[in-house]
Each structure stands twice: as C-alpha cells, then as structure tokens.
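A.B. asks: Supplied in structure tokens, the structure appears directly below.
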Amino acid sequence: MWYFAYGSNLNTRAVAEWCRHFGHKQPPLKTGRPAVLDNYRLCFPIYSDFWGGGVADITYDAGKYVMGALFDLTDAEMAVLDTKVGRSVDATGRETGIVKRIDVRVSPLGKGAPSDAVTYTGVSVEKQHIPPTRHYMDLLIQGLYTHGLSMMWLAYLQSFSTQAGRTSRSPSSGDAAAKL
C-alpha cells in the first residue's frame, strides 16, 4: 500500500524513537520518494500535549499542494503508523480515533505516474492556526532534507509562525503528539 507522509512521520529518527519506546518494528521510512499531493494545503490546526503546540494536518484547498514522501508499506507497517498517530477502528470498520486515513492521488517528483495512496488527516479539527513548536518544525525540516524535498517547500515551512515551546515529552501510544 502506498503511504504519503507530510508531517513528523517524514522524520525517520522520530518514528524510530517512538517504535523503540513502544516495542514496535519500525516501518521502512528511509526510502521514500519525494511526491506532491495536489489540491490540499498544509496547516497546523491540532494542539498536541506531546509536542506542546500545533501539529501538521492537511485540508482540501483547490490549487494548492503539499510536498511529502511516498512509501510502499505493508498492512502491518501501516498498523504501526495507525497506532502512532492515534487512528482507531471499531469492530464495524468505522474509524473512531483522532485521526483517519483518507485516499489520495499523489504525483512523484521527477519520473513516475501518479499513484493512489493513503495519508492521515485529523478528525473534528479546529480551523485556526495553532503555532507548532520550533522543535516540531525542526523535525519536519529534517524530514524534508532526508527525503530530498524542494527548497521552495523549506521556505514555505519556514513561513509558518512557531512558538518556543519545549522539547517533547516521552511518547505515549495513540497520543496526538505523535500525529503526522
């Protein structure tokens, strides 16, 4: 299954730390292909106790785009990320967590045809901007470099207001802190 990462899941070190803490096998997020999700924009409308500020989300916005990375993951690897970001599914298959999966069409940068993929978005989020902490934004920027995303995207990320905040606390399972 193709997975499109655009937030803190771009940072392989942060994902590895969470997986070690909770005894999960780390999904192979080191070999992502830079990709673009059209008609969405990046926003920070969700407050996370873990990060001490806003966390990345996407919202539909015609004509805009979000850069990220595309990963080919198994169902078991996606289940690890589901737990990390707080996605839950009840016995009927209905999503009940703070985050849900959505189907998207993503275009790899350079060569390659568009691919159907899944990504995460918040459920019942506020529409206002909640400034992320500088630490959280630095994790996104490190992920940007790891996966070879454009310097234009770096400038865009740096345009968001941030707050000094604090470093993150120890991760907890399903914490909105680990969100995207």
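Quick note: the sequence shown uses the numbering used here, first residue 426, plus one each step.
The beta carbon of each residue, even a glycine, is placed where N, CA and C say it ideally should be.
1. Please state whether the Cβ-Cβ distance between residue 430 and residue 448 is less than 8 Å.
2. Helix, strand or coil for residue 578? Go by DSSP, reduced to three states.
3. Taking 7 Å as the limit between beta carbons, can you name the residues of its chain near residue 549, skipping five residues before and five after?
4. Are the Cβ atoms of residue 561 and residue 491 separated by less than 8 Å?
5. DSSP three-state label for residue 510, please.
6. Report yes if the CB atom of residue 526 is closer than 8 Å to the CB atom of residue 539, and no otherwise.
7. Determine the direct distance from the alpha carbon of residue 515 to that of residue 565, and round the result to whole angstroms.
8. Could you tell me the alpha carbon to alpha carbon distance between residue 461 and residue 517, rounded to whole angstroms?
9. Could you have a look at residue 471 and say whether DSSP puts it in helix, strand or coil?
10. Report the option in 483, 465, 494 and 521 whose CA atom is closest to the CA atom of residue 570.
11. When we look at the beta-carbon of residue 474 and count the other beta-carbons within 10 Å, is it buried (16 or more) or exposed?
C.D. replies: Once the coordinates are examined:
1. no
2. helix
3. none
4. no
5. helix
6. no
7. 31 Å
8. 32 Å
9. strand
10. 494
11. exposed
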